[in-house]
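Enquirer: Residue numbers (my numbering), protein chains in the order written: chain A, 390 to 613; chain B, 390 to 613.
Take this structure first; my questions come after.
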């Protein structure tokens, strides 16, 4: 398995884990999402204003549906056809598209153009995100926003060398059978660099806190 | 003492600690500076290019002198006349000016204009830095850089609520007699906000690591 490139393992995991993931999200099984990060990304998108939202790596579609209910015009796309099938079965007026990030980067307009907001909610998992971020610049209107919610850099505080690198998610805290998924950790500096290289500039950061511990549970990058 | 506003306590500490501070810096007594942060800020300034550098809160002047030796045209200013006296006694071709941050914010041109780089090396210590940062925007040329080296957000990882607030420096690891100094901790998001409000945009972050632990010893914000 270790000879399979990490990006291919990510793709495969989202096919194999589609059912367990859908049950975990819809059952609100993940504490950090329940107590902080779901509301934080919703608030951040709605604070941007504008009507048209692109949900990048939408998974089973919960965020798209919530934004649809809040009156936004939403398109969601994801590289896992199995998750898009779950999303389409979830109801609401959202258009869901099965499209992987490489295909999007080659032809961004395939998901439509002139978005007010593009949002990546824990969906930038690979090492090479430049093509995707540049594609999102093409399909958002001038002055449009990019929001990226991701793992907070505190993840590596006090534990290991603080630098970009591959990590592994084993879903140990969740019920069901799971395939482990590699994901690529980035430092603050690395996120700022990736955004800048793709033509975005960081306008703000939100760092939602766990209500009990007071420690950040995620980082939300707001770019223009 | 606690009824004295923190900003006034900061000002007072840099008068009372001027001698001990000068000995500590010139004796290279602070490990984090010796192993990482001194070289990191030098490298960051020199990477910007340009000739004219403003050293903001220059203290006893070590950074100004090093940049002068590297061929830069340097002006340093500091709110502590006692430290400026030490700086002037340190040799080199740097012009050192005794000027506090409020006076600078009221009349930024008092230190000259058209700087290529303004650098604040662990010298933004108060809660209200907006006037200073806006003043620096006025005295740097279009396309000029602002560099801020400060405490890394990891300072509050795992220990306390992660939010802006006053901390106290007691200089416990250093020899000599010291007056404690309040200083204001900022989250990553707070720094991005302060820069934006003052007309700067974050272009990059450097996060120098301790060579032994691999953990960040500071955050360097690079703004345009």
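From the three backbone atoms N, C-alpha and C, an ideal C-beta is built for every residue, glycine too.
Note that this is a predicted model, so its numbers are computed, not measured.
(1) Sort 601(A), 580(A), 592(A) and 596(A) by Cα distance to residue 612(A) and report the nearest one.
(2) Give the secondary structure of residue 502(A) by DSSP, where H, G and I count as helix, E and B as strand, and everything else as coil.
(3) Starting from the beta carbon of residue 581(B), find every residue of chain A whose beta carbon is closer than 7 Å, and list them in chain order.
(4) Contact between the segment 567 to 578 of chain A and the segment 394 to 407 of chain A: three or more CB pairs below 8 Å?
(5) For residue 612(B), which residues does DSSP report across the bridge?
(6) Per the contact definition of three or more C-beta pairs closer than 8 Å, is the segment 434 to 442 of chain A in contact with the segment 496 to 515 of chain A?
(7) On a CA-only basis, which of 553(A), 590(A), 526(A) and 584(A) is nearest residue 572(A)? Give me that one, please.
(8) Determine whether the beta carbon atoms of residue 583(B) and residue 518(B) lie at a separation below 7 Å.
(9) Would you decide whether residue 559(A) is buried or exposed? Buried here means 16 or more other CB atoms lie within 10 Å of its CB.
(10) Given residue 545(A), which residues of its chain have a CB within under 6 Å of its CB, disregarding the five upstream and five downstream residues?
(11) Say whether chain B places a C-beta atom closer than 7 Å to the C-beta of residue 575(A).
(12) Around the Cβ of residue 433(B), are there at least 16 other Cβ atoms within 10 angstroms (buried) or fewer (exposed)?
(13) By the DSSP assignment, the beta strand (DSSP E) with residue 571(B) in it spans what residues?
(14) In whole angstroms, what is the alpha-carbon distance linking residue 533(B) and residue 414(A)?
(15) I need the straight-line Cα distance from residue 475(A) to residue 562(A), nearest angstrom please.
(16) Counting only beta-carbon separations shorter than 7 Å, does residue 428(A) have a partner in chain B?
(17) At which residue ranges does the segment 439 to 475 of chain B contain complete alpha helix (DSSP H) runs of 4 or more residues, listed in the order of the chain?
(18) With 7 Å set as the bound, which would you pick, yes or no: does the beta-carbon of residue 546(B) sit closer than that to a beta-carbon of chain A?
(19) Counting only Cβ pairs nearer than 9 Å, list the residues of chain A close to residue 550(B).
(20) Using beta-carbon positions only, say whether residue 616(A) and residue 473(A) come within less than 7 Å of one another.
(21) For a contact defined as C-beta to C-beta under 8 Å, what are the partners of residue 466(A) on chain B?
(22) Rounded to whole angstroms, what's the CA-CA distance from residue 526(A) to residue 547(B)? Just pull it up for me.
(23) In the DSSP assignment, find the unbroken beta strand (DSSP E) run with residue 484(A) in it and report its ends.
(24) Where do the N-terminal and C-terminal ends of the beta strand (DSSP E) with residue 558(B) fall, by residue?
(25) Buried or exposed: which applies to residue 530(B), given that a residue is buried once 16 or more other Cβ atoms fall within 10 Å of its Cβ?
(26) Whole angstroms is fine: what's the gap from residue 579(A)'s alpha carbon to residue 586(A)'s?
(27) Starting from the beta carbon of residue 438(A), find every residue of chain B whose beta carbon is closer than 7 Å, and list them in chain order.
(28) For the candidate residues 514(A), 446(A) and 513(A), whose alpha-carbon lies nearest to that of residue 485(A)?
(29) Suppose only complete runs of 4+ residues qualify. What are the alpha helix (DSSP H) ranges in the segment 394 to 432 of chain A, listed by chain order?
(30) With distances taken Cα to Cα, identify the nearest neighbour of residue 427(B) among 408(B), 412(B), 456(B) and 407(B).
(31) Could you compute how far the alpha carbon of residue 603(B) sits from the alpha carbon of residue 596(B)?
(32) Which chain A residues are close to residue 554(B), counting only those with a beta carbon under 8 Å from its beta carbon?
(33) Which residues of chain A have a Cβ atom closer than 8 Å to the Cβ of residue 585(B), listed in chain order?
(34) Say the cut is 6 Å; is the CB of residue 595(B) nearer than that to a heavy atom of the ligand SAM?
(35) Is there at least one Cβ from chain A nearer than 7 Å to residue 532(B)'s Cβ?
(36) Give a yes or no on whether the C-beta atoms belonging to residue 500(B) and residue 540(B) are separated by under 7 Å.
Expert: In brief:
(1) Comparing Cα positions, the closest option is 592(A).
(2) Residue 502(A) falls in the coil class under three-state DSSP.
(3) For residue 581(B), the chain A residues whose C-beta falls within less than 7 Å of its own C-beta are 591, 593 and 594, listed in chain order.
(4) The segment 567 to 578 of chain A is in contact with the segment 394 to 407 of chain A.
(5) According to DSSP, which records beta bridges pairwise, residue 612(B) is partnered with 535(B) and 591(B).
(6) Touching, yes, given that three or more Cβ pairs across the two stretches are closer than 8 Å.
(7) Comparing Cα-Cα distances from residue 572(A) to each of 553(A), 590(A), 526(A) and 584(A), the minimum goes to 553(A).
(8) Residue 583(B) is a Cβ neighbour of residue 518(B), given a cutoff of 7 Å.
(9) Classification of residue 559(A): exposed, given that the 10 Å Cβ count is below 16.
(10) By the criterion of a C-beta distance shorter than 6 Å, residue 545(A) is surrounded in its chain by 551, once the five residues flanking it on both sides are discounted.
(11) Chain B, which has no Cβ nearer than 7 Å to the Cβ of residue 575(A), makes this no.
(12) Flag for residue 433(B) reads buried.
(13) For residue 571(B), the enclosing beta strand (DSSP E) has its first and last residue at 570 to 574.
(14) Between residue 533(B) and residue 414(A), the C-alpha separation is close to 47 Å.
(15) Distance from the CA atom of residue 475(A) to the CA atom of residue 562(A), rounded to whole angstroms, is 22 Å.
(16) So, not an interface residue.
(17) Complete alpha helix (DSSP H) runs here, min 4: 451 to 458.
(18) Yes, residue 546(B) counts as interfacial toward chain A.
(19) Chain A residues near residue 550(B): 598, 602, 603 and 604.
(20) Any question about residue 616(A) goes unanswered here, given that chain A covers just 390 to 613.
(21) Neighbours of residue 466(A) on chain B: none; closest Cβ ~28 Å, over 8 Å.
(22) A straight line joining the alpha-carbon of residue 526(A) with that of residue 547(B) spans about 36 Å.
(23) Looking at the DSSP string, the run of the beta strand (DSSP E) that includes residue 484(A) is 484 to 487.
(24) Where residue 558(B) is concerned, the enclosing beta strand (DSSP E) stretches over 554 to 558.
(25) With fewer than 16 other Cβ atoms within 10 Å, it is exposed.
(26) Computed Cα separation, rounded: 11 Å.
(27) Residues of chain B whose Cβ lies closer than 7 Å to the Cβ of residue 438(A) do not exist; the shortest such Cβ separation is about 17 Å.
(28) Selected option, being the one with the closest Cα: 446(A).
(29) Counting whole runs of 4 or more residues, the segment 394 to 432 of chain A contains the alpha helix (DSSP H) stretches 395 to 405 and 407 to 415.
(30) Each of 408(B), 412(B), 456(B) and 407(B) was checked against the Cα of residue 427(B), and the nearest Cα belongs to 456(B).
(31) Each residue's Cα considered, the two are about 11 Å apart.
(32) Within 8 Å of the CB of residue 554(B), no CB atom of chain A is found; the nearest one sits about 11 Å away.
(33) Result: 592 and 593.
(34) What this structure holds is no ligand at all, so the ligand SAM is not there to describe.
(35) It does not: the Cβ of residue 532(B) has no partner Cβ on chain A nearer than 7 Å.
(36) Contact flag unset, no.
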